[in-house]
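Number of protein chains: 2
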Amino acid sequence: MRSDLIRSIILKILSLPIEILSMLNEEKFMKAAIALAERGVENGEGGPFGCVIVKDGKIIGEGYNKVISTNDPTAHAEIVAIRDACKNLNSFQLEECEVYTSCEPCPMCLGAIYWARPKAIYFGNTKEDAATIGFDDSMIYDEIRADLNVRKIPAFNILRKEANATFVNWNERDAKKHY
Amino acid sequence: MRSDLIRSIILKILSLPIEILSMLNEEKFMKAAIALAERGVENGEGGPFGCVIVKDGKIIGEGYNKVISTNDPTAHAEIVAIRDACKNLNSFQLEECEVYTSCEPCPMCLGAIYWARPKAIYFGNTKEDAATIGFDDSMIYDEIRADLNVRKIPAFNILRKEANATFVNWNERDAKKHY
Chain A
105 MRSDLIRSII LKILSLPIEI LSMLNEEKFM KAAIALAERG VENGEGGPFG CVIVKDGKII
165 GEGYNKVIST NDPTAHAEIV AIRDACKNLN SFQLEECEVY TSCEPCPMCL GAIYWARPKA
225 IYFGNTKEDA ATIGFDDSMI YDEIRADLNV RKIPAFNILR KEANATFVNW NERDAKKHY
Chain B
105 MRSDLIRSII LKILSLPIEI LSMLNEEKFM KAAIALAERG VENGEGGPFG CVIVKDGKII
165 GEGYNKVIST NDPTAHAEIV AIRDACKNLN SFQLEECEVY TSCEPCPMCL GAIYWARPKA
225 IYFGNTKEDA ATIGFDDSMI YDEIRADLNV RKIPAFNILR KEANATFVNW NERDAKKHY
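Residue numbers (our numbering), protein chains in the order written: chain A, 105 to 283; chain B, 105 to 283.
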């Protein structure tokens with residue numbers, strides 16, 4: 105019993121440097137994301153949001169919000185960073201990657217993260233913090249959770265049969281590639 | 105009472121051509137979205153999804169899924185079409201526009217649509233149809249609805265105070281622009 109306890113204490117002490125190093129790394133990458141958010145604000149390119157994508161301890165993609173400067177409502181920091189990282193990796197997947205974003209992702213960006221499949225997300229500001237400076241991500245979260253027929257932007261289902269023919273066509277192909 | 109009934113019937117008959125025309129227009133634009141989906145399948149560029157954006161009865165932006173061909177997990181039909189339409193309008197908003205998409209939007213695309221703020225969405229296939237050919241949008245819907253601590257991709261909140269300084273900096277600026 106006693107030797108078990110001593111062994112466990114020794115292991116704990118030995119693993120401490122790794123834990124501290126890992127924590128310092130996490131903070132380093134989050135600070136890089138925050139610096140990008142700051143740069144976007146200085147440049148007046150969009151909202152105060154930055155993001156870096158990390159693989160094997162290295163930044164492989166980055167971005168900050170460019171909605172205003174590029175007239176692109178999808179140019180949120182995470183989307184810009186994901187596109188940059190995928191281009192650099194030559195892949196549409198971010199396997200074994202981590203996403204460091206200066207703010208909790210909005211539903212669009214969270215969706216993009218799920219499609220890219222990284223292994224973890226680190227965020228600085230919460231979506232409640234975003235709401236306090238006028239970014240109402242929570243409205244979009246509510247809308248996505250709501251049924252189609254009660255949403256603020258009305259949605260209509262038409263020509264389902266015609267649209268489905270393309271699905272059948274695609275599904276029957278041997279060469280189809282999933283993503 | 106009787107004259108009211110006759111009046112209402114006459115109004116109904118008079119409005120019929122407008123309703124039929126509107127319905128035909130909706131079908132025309134949905135067919136354009138389906139044709140784009142078909143083109144993407146033929147080219148082998150990604151999944152079987154197409155989208156057009158319409159303003160004042162004219163197509164002002166279009167896209168089809170290019171996830172595979174561009175190595176971009178965000179290159180869904182709706183995102184490609186929104187970026188195209190915004191570029192053509194020179195605006196990050198799609199006011200008074202309609203989105204015609206060959207399939208019910210995934211959470212990422214629905215989020216993008218909310219940020220772009222069109223007035224209506226028309227879709228062909230449902231998300232259940234997408235699931236039958238292997239596109240598991242419903243998993244992402246479930247994840248977005250779930251609390252942070254039970255999601256498949258773990259998320260960690262770090263350096264909130266440091267990240268918040270950028271929000272304060274941005275919020276104090278007179279020149280900040282909302283989107």
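Beta carbons: idealized from backbone N, C-alpha and C, even for Gly. Every value quoted in this text rests on a predicted model; they were computed, and no experiment measured them.
Per DSSP, residue 230 of chain A lies in no beta strand (DSSP E) and is assigned neither H nor E.
Judged by DSSP secondary structure, residue 269 of chain B falls within the alpha helix (DSSP H) whose first and last residues are 264 to 275. The residues 161, in chain order, have a CB closer than 8 angstroms to that of residue 129 of chain A in the same chain once the five nearest residues on each side in sequence are set aside. Rounded to whole angstroms, residue 207 of chain A and residue 194 of chain A show a C-alpha spacing of 26 angstroms.
In this structure, B/268 is the residue among B/229, B/268, B/168 and B/211 with its C-alpha nearest to the C-alpha of residue 235 of chain A.
Interface residue (Cβ-Cβ distance to chain A less than 8 angstroms): residue 278 of chain B is not classified as such. Residue 110 of chain B and residue 229 of chain B have their C-alpha atoms roughly 40 angstroms apart. At a cut-off of 8 angstroms between beta-carbon atoms, residue 115 of chain A makes no contact with chain B. Residues of chain B with a Cβ closer than 7 angstroms to the Cβ of residue 281 of chain A are, in chain order, 172.
Between residue 186 of chain A and residue 177 of chain B the beta-carbon gap is near 7 angstroms, inside 8 angstroms, which marks them as a contact. For residue 254 of chain B, no CB of chain A lies under 8 angstroms from its own CB, so it is not counted at the interface with that chain. Using beta-carbon distances, residue 233 of chain B counts as an interface residue toward chain A, with a partner under 8 angstroms.
The alpha-carbon of residue 250 of chain B is positioned some 10 angstroms away from that of residue 249 of chain A. Using a C-beta cut-off of 8 angstroms, the region 201 to 220 of chain A makes contact with the region 142 to 155 of chain A, since at least three inter-stretch Cβ pairs fall below that distance. Think of a sphere of 7 angstroms around the beta carbon of residue 206 of chain A: the chain B residues whose beta carbon falls inside it are 267 and 270, in chain order.
For a Cβ distance threshold of 8 angstroms, residue set 270 and 273 of chain A lies close to residue 142 of chain B, ordered along the chain. Residue contact check for residue 224 of chain B against chain A: a CB pair falls below 8 angstroms.
CA-CA distance, residue 255 of chain B to residue 135 of chain B, rounds to 37 angstroms. For residue 176 of chain B, the nearest beta carbon of chain A is closer than 8 angstroms to its own beta carbon. Note that the C-beta distance between residue 145 of chain B and residue 274 of chain A is below 8 angstroms.
Residue 157 of chain B sits away from residue 213 of chain B, with the two beta carbons spaced by 8 angstroms or more.
Burial is judged here by how many other beta carbons sit within 10 angstroms of a residue's own beta carbon; residue 223 of chain A has fewer than 16 and is exposed. DSSP links residue 259 of chain B through a beta bridge to A/225. Membership of residue 178 of chain A in any alpha helix (DSSP H) is not indicated, and neither H nor E is assigned to it by DSSP. With 16 or more other Cβ atoms from the protein chains shown falling within 10 Å of its own Cβ, residue 180 of chain B counts as buried. Looking at the DSSP output, residue 165 of chain A shares a beta bridge with A/157.
Secondary structure at residue 210 of chain A: coil, using DSSP grouped into helix, strand and coil. Between the alpha carbons of residue 122 of chain B and residue 133 of chain B lies a distance of about 16 angstroms.
Chain B places no beta carbon closer than 8 angstroms to that of residue 163 of chain A, leaving this residue out of the contacts.
Beta-bridge partners of residue 203 of chain A (DSSP): A/157 and A/225. Residue contact with chain B for residue 167 of chain A: absent (no Cβ-Cβ distance below 8 angstroms to any residue of chain B).
Interface annotation, residue 191 of chain A: in contact with chain B, CB-CB separation under 8 angstroms. Comparing C-alpha distances from residue 165 of chain B to each of B/174, B/140 and B/231 shows the shortest one belongs to B/140.
Cβ contact annotation for residue 197 of chain B (same chain, cutoff 7 angstroms, sequence separation greater than five): 220 and 221, in chain order.
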